[in-house]
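Residue numbers (UniProt numbering): 1 to 404. Idealized CB from N, CA, C, for every residue including glycine. Scroll down for the structure; my scribbles are underneath it.
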Amino acid sequence: MRNSLPLTTLSKPIKVMLLGSGELGKEISIEAQRLGAETIAVDRYDFAPAMHVSSKRYIVDMMNKEAIKALAYRERPDVIIPEVEAISFEALEELEDEGFEVIPNSDAVRIAMNRIELRNVASVQLNLPTTRYFVAENEEEAIEGCEKVGYPCIIKPEMSSSGHGHFKIKEGSKEEIRKGYTYAIGHARGKSKRVIVEEFVELETELTVLVYRYESESGGISTETCEPVEHWRYGKYHYIESWQPSVKDKNILASAKSIAIKVANRLGGKGIFGVELFLTKDGRVLFSEVAPRPHDTGMVTMVTQDFNEFAIHVRAALGLPVPKVDIISPGASLAIYSSLENSWSSVIEGVYSALSIPGVGLRIFGKPFSYKDRRMALLLARGKNTEEALEKVRKASSFLKIKQ
Ligand SMILES: Nc1ncnc2c1ncn2[C@@H]1O[C@H](COP(=O)(O)OP(=O)(O)O)[C@@H](O)[C@H]1O
Ligand SMILES: [Mg+2]
């Protein structure tokens, strides 16, 4: 079945192609549709969240250059918006050379997906504070790297996302480091044998600064930031709770914003960037990594800002203005993960009780398939302060259970 297409649009009909159709893509698609755009959702599997709300869908291997290019030639989108890291960046580069518009640009996508490239840009080129790190290509170099950065440390593959292939080294026996190196390259995206060894810092909190770049009236690009989002992972690699605004010291937040602006301006192009930073227990603000797209922890902006991160991304991508965004209320988000192993079409129980708490909202992503630690839904709440908002989503989550 084909959905109907918008017939009143911006000054010309606009087609947006989303590469990646997860929960972030779903919101991007909705925001694009709100502006009268036609949206095309692409992912590696059918029934992905953004496909439920888009005009069309395609299921292809997103690492296959020819597959991505073939879709672009067939659909001729006005903008291509990558939503995940696992995309053939060669396809994006070649399409850009042929005149397609990639958001924010193919080079930013290439740099941000590669931890070693990104460190080179952030630490060497921009001289931003990061954790101590060392690049290793084999077991012996990994041992040398761990000795240099100190213990505890963490070995990560050159390319991966969602914490895949991360291995924490506690004491530093050679055996442990060899195991860590093998684990990291075994869980890498692609065939690279390179890893990054990072000093493991004690976190006070984690911050995401959403920075956006949009076309200004003069024809140049303006850069703005949202108020920092704070988040906590309870020792896991994926985020559990995020909240905004942060109540950390003003100077800390100012230095987080200034780092984030430098990163976004270096990567360039139009759109939003989720810049991840660590605030360490000893008071350091360190750049960690960046997603050149809306960020999962930034989903909280759906209740806290007058324009959420998805609306900002779409407006910026389409060349529309995004003047200063304001916080309309303190708020919190809490991500719901599945604990089921391989389950098709699961259900969420306890929704009635969760939604009985005043001000609590729920987003069910509608993923067809769940597995352990897959994010399936999100709770959102406003409050008179972030503590109250957090209490609401925590209470709501105690009622929810994902079942077969
Ligand atoms: N060097 C580090 N020290 C302390 N915690 C870390 C370090 N690196 C990663 N982490 C933790 O792991 C999470 C995921 O790491 P990250 O590098 O962002 O990987 P991914 O690309 O998978 O998101 C971080 O948000 C943080 O909680
Ligand atoms: Mg991260």
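Exercise for review: Measure the C-alpha to C-alpha separation of S339 and G235 and round it to an integer number of angstroms.
Suggested key: 17 Å
Review point. For P330, which option in K403, E230, H313 has the closest C-alpha, if you only look at C-alpha atoms?
Key: E230
Check your understanding: CB of L203 to nearest heavy atom of ligand 1: below 7 Å?
Key -> Because some heavy atom of ligand 1 lies under 7 Å away, the Cβ of L203 counts as near it: yes.
Check your understanding: Does at least one heavy atom of ligand 1 sit under 7 Å from the Cβ of F100?
Key -> no
Exercise for review: Could you name the residues of the same chain whose beta carbon sits closer than 6 Å to that of A91, not counting the 5 residues immediately before and after it, in chain order?
Suggested key: Taken in chain order, the residues that qualify are K65, I68, K69.
**Study point:** Same chain only: Cβ atoms within 7 Å of D296, ignoring 5 sequence neighbours per side
**Key:** L24, Y239
Practice item. Can you tell me the Cβ-Cβ gap for V322 and R315, rounded? I've got them flagged as a contact below 8 Å. Key: 5 Å
**Study point:** Contact the stretch 263-272 vs the stretch 125-141: 3+ CB pairs below 8 Å
**Key:** yes
Exercise for review: Grab me the residues of Y237's own chain with a C-beta within less than 7 Å of its C-beta, minus the 5 sequence neighbours each way, in chain order.
Suggested key: Within its own chain, the residues whose Cβ lies closer than 7 Å to the Cβ of Y237, once the five positions on either side in sequence are excluded, are S162, G163, H166, listed in chain order.
Check your understanding: Using the beta carbon as the reference atom, which residues fall closer than 6 Å to any heavy atom of ligand 2, ordered along the chain?
Key -> Proximity annotation: ligand 2 has residues E276, E289 in chain order, each selected because its CB is closer than 6 Å to a heavy atom of the ligand.
Exercise for review: Flag I150 as yes when its Cβ comes closer than 7 Å to any non-hydrogen atom of ligand 1, and as no otherwise.
Suggested key: In the sequence as presented, Ile is not what sits at residue 150; that position holds Gly. No, Cβ of G150 sits at least 7 Å from all heavy atoms of ligand 1.
Practice item. Return yes when the Cβ of A184 is within less than 8 Å of the Cβ of K156, no when it is not. Key: In this structure, K156 sits near A184, with a CB-CB distance shorter than 8 Å.
Check your understanding: Excluding the five sequence neighbours on either side, which residues of its own chain have a C-beta within less than 6 Å of the C-beta of R57, listed in chain order?
Key -> Correct list, in chain order: A41, M51.
Check your understanding: In three-state terms, what does DSSP make of G165?
Key -> coil
Review point. Given a threshold of 16 other Cβ atoms within 10 Å of its Cβ, counted over all protein chains shown, does Y214 qualify as buried or as exposed?
Key: Buried, since its Cβ has 16 or more Cβ neighbours within 10 Å.
Exercise for review: Identify every run of the beta strand (DSSP E) within the stretch 137-203, keeping only runs that are complete inside it and at least 3 residues long; order them along the chain.
Suggested key: With a minimum length of 3 residues, the continuous beta strand (DSSP E) runs that stay inside the stretch 137-203 are 153-157, 167-169, 195-199.
Point to revise | Distance cut-off 7 Å: E206 Cβ against heavy atoms of ligand 1 | key: yes
Point to revise | Beta-carbon proximity of A122 to V197, cut-off 8 Å | key: No, these two residues do not count as a Cβ contact at 8 Å.
Practice item. For P368, count neighbouring Cβ atoms within 10 angstroms of its own Cβ and tell me buried if that reaches 16, exposed if not. Key: exposed
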